[in-house]
Amino acid sequence: MTTSILLVAGALLTATFAPRVLTRLESTNSDPLCLLWLWWSMVLGNLTSAGLAVAVLLIPGHAGPAPVMWLVEQCRMILRLTSAHQDTGVGVGLLGALTLLTFRFGQRVRRGTVASRDRSTMTMQTLDLLGHREHDVLWVKHAGAVAFSVGGRANAIVATTGLRTRLTVAEVDAVLEHERAHLAGRHHLHVVLADAVGAVARFVPLYRQLPVAVRRLVELVADEEAARVSGRSVLRDALLKVAAASAMAAPPRALYASETAVEARLRRLSSNPRQRSWVLRTAGRVTVAVGGVASSTVAAGVTTVALLLACVWGV
């Protein structure tokens with residue numbers, strides 16, 4: 001039981017400090033899609049640590065490296081913890097708690113998906129009466145400079161006629177490319193999943209901060225994709241005009257250009273990061289995703305060993 005308790009403690013410690021490191025990385029010129037994957041992989045790695053804690057308790061004859069098991073036994077004797085034959089009961093309890101959290105997560109995802117779909121359908125049904133379609137964009141007559149994407153079954157882009165009057169043709173195309181990137185990357189689904197994780201485990205900093213981080217990063221990801229097509233300076237000018245001129249609020253669940261981290265977006269668009277080939281970008285993203293899971297899991301394990309050493313040497 002000692003190993004499992006400390007493994008969970010290690011997972012909680014890494015989940016407490018990881019958001020600080022991840023947030024600081026956003027101030028660099030790191031690939032935002034890499035950072036988005038890193039957030040998700042850290043969450044997955046953290047959950048893997050919790051799963052390993054349960055497995056250690058439930059698997060008959062479980063054992064680890066001899067030095068670690070020696071530390072565990074020493075801590076058992078020092079702290080007078082329960083014997084190994086009682087671990088199964090605790091493991092069943094932890095498994096029940098994880099199952100309950102998983103069930104609640106599933107419920108949140110289902111409710112969030114249904115609510116997002118219903119709002120998207122209602123939004124598009126209303127706006128369809130007010131606007132006209134040109135290719136993949138629904139243009140609504142309004143003086144404000146607004147563009148947003150609606151995910152789910154609607155999978156549509158909505159823009160106002162004010163966007164065309166206030167922005168140049170190139171800037172309008174850049175804004176629309178940004179919204180297309182949201183739809184192509186299924187960013188609305190990222191937001192729904194992040195909201196569910198944050199709602200179920202708000203007591204864990206990594207999970208609590210995930211929804212805000214995901215919303216911020218999907219905007220940066222969409223900016224990068226649009227900038228490759230339209231140019232960084234064009235997209236930056238368009239964002240400045242949209243942020244200054246927008247007067248109409250976007251519907252709930254729409255990913256709206258002016259609502260999230262405008263300053264961070266402008267700062268990144270003003271920089272000129274080194275361009276890498278698609279192969280290198282993909283390889284880097286896969287490495288980051290795998291490394292995030294591994295580092296989160298290993299960090300919890302290292303923390304477990306450190307706590308065991310503190311127990312033996314410090315008591």
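Mapping to full-length UniProt numbering: the sequence shown position 280 is 280, numbers consecutive.
Just so you know, even glycine gets a beta-carbon here, dropped at the ideal spot from N, CA and C.
The structure presented is a predicted model; accordingly, all values stated were derived computationally and were not measured.
Three-state secondary structure assigned by DSSP to P19: Helix at P19.
Cβ neighbours of L130 in the same chain (closer than 6 Å, five flanking residues each side left out): The beta carbon of L130 sits closer than 6 Å to those of V140, all from its chain and outside the five residues before and after it, given in chain order.
Alpha carbon of L101 to alpha carbon of L22, nearest angstrom: 25 Å
DSSP-derived helix/strand/coil call for A11: The answer is helix: DSSP assigns A11 an H, G or I state.
A226 beta carbon less than 8 Å from that of residue 319: Any question about residue 319 goes unanswered here, given that the chain covers just 1 to 315.
Buried or exposed by the 16-neighbour rule on C-beta atoms within 10 Å, applied to D136: Using a 10 angstroms sphere on the CB of D136, the tally of other CB atoms stays under 16, which defines it as exposed.
Backbone CA spacing between V229 and A174 [nearest angstrom]: 8 Å
Boundaries of the beta strand (DSSP E) in which S149 is found, first to last residue: First-last of the beta strand (DSSP E) with S149: A147 to V150.
Outcome for F148 when other beta-carbon atoms lying within 10 angstroms are tallied against a minimum of 16: buried
E112 - DSSP class collapsed to helix/strand/coil: It is worth fixing the name first, because residue 112 is Gly in this sequence and not Glu. DSSP places G112 in helix when its eight states are reduced to three.
Contacting residues, own chain, Cβ-Cβ under 6 Å from A18 (five flanking each side not counted): M42 and L206
Assigned exposure category for N46 - 16 Cβ within 10 Å defines buried: Around the beta carbon of N46, a 10 Å sphere encloses 16 or more other beta carbons of the protein chains shown; the residue is thus reported as buried.
Reduced DSSP secondary structure (H/G/I, E/B, other) of T160: If DSSP states are grouped into helix, strand and coil, T160 belongs with the strands.
Cα-Cα separation between T263 and H142, rounded to whole angstroms: Contrary to the premise, residue 263 reads as Glu rather than Thr in this sequence. If you take the alpha carbons of E263 and H142, they lie about 26 Å apart.
Whole-number beta carbon distance between L138 and I157, since they are thought to touch under 8 Å: Taking the Cβ atoms as the reference, I157 lies roughly 7 Å from L138, within the contact range of under 8 Å.
Backbone secondary structure at E177 - three-state DSSP: helix
Within 8 Å, strictly: CB atoms of G152 and R117: yes
Contact belief for G198 with R208 at Cβ below 8 Å, rounded distance in angstroms: 6 Å
Length of the line joining the Cα atoms of T168 and A238: 8 Å
Among S27, L13 and L12, nearest to A213 - alpha-carbon criterion: S27
Residues near E177 by beta carbon distance below 6 Å, same chain, minus five either side: Scanning its chain for C-beta atoms nearer than 6 Å, with the 5 sequence neighbours on each side dropped, one finds around E177 the residues A226, V229 and S230, in chain order.
With 16 other Cβ atoms within 10 Å as the buried cut-off, status of A115: exposed
C-alpha distance - V192 paired with F105, whole-angstrom precision: 11 Å
Span separating the alpha-carbon of A145 from that of T160: In a straight line, the C-alpha of A145 is about 6 Å away from that of T160.
Candidates A222, L52 and L266, of which the one nearest L36 by Cα: A222
Nearest candidate by alpha-carbon position, reference A245, set P32, R164 and L12: R164
Range covered by the alpha helix (DSSP H) that runs through V212: P205 to S230
Cβ-based burial, M124 [other Cβ within 10 Å; buried from 16]: Result: buried.
Under the three-state DSSP convention, the category H85 falls into: For H85, the predicted model reports a pLDDT of 48, less than 50, meaning its position is unreliable; a value from the coordinates is still stated below. Of the three classes helix, strand and coil, the one that applies to H85 here is helix, per DSSP.
Unbroken beta strand (DSSP E) run spanning L138, endpoints: Start and end: V137 to V140.
Between the CA atoms of R166 and A15 - distance to the nearest angstrom: 45 Å
For G185, the three-state DSSP class (helix, strand or coil): coil
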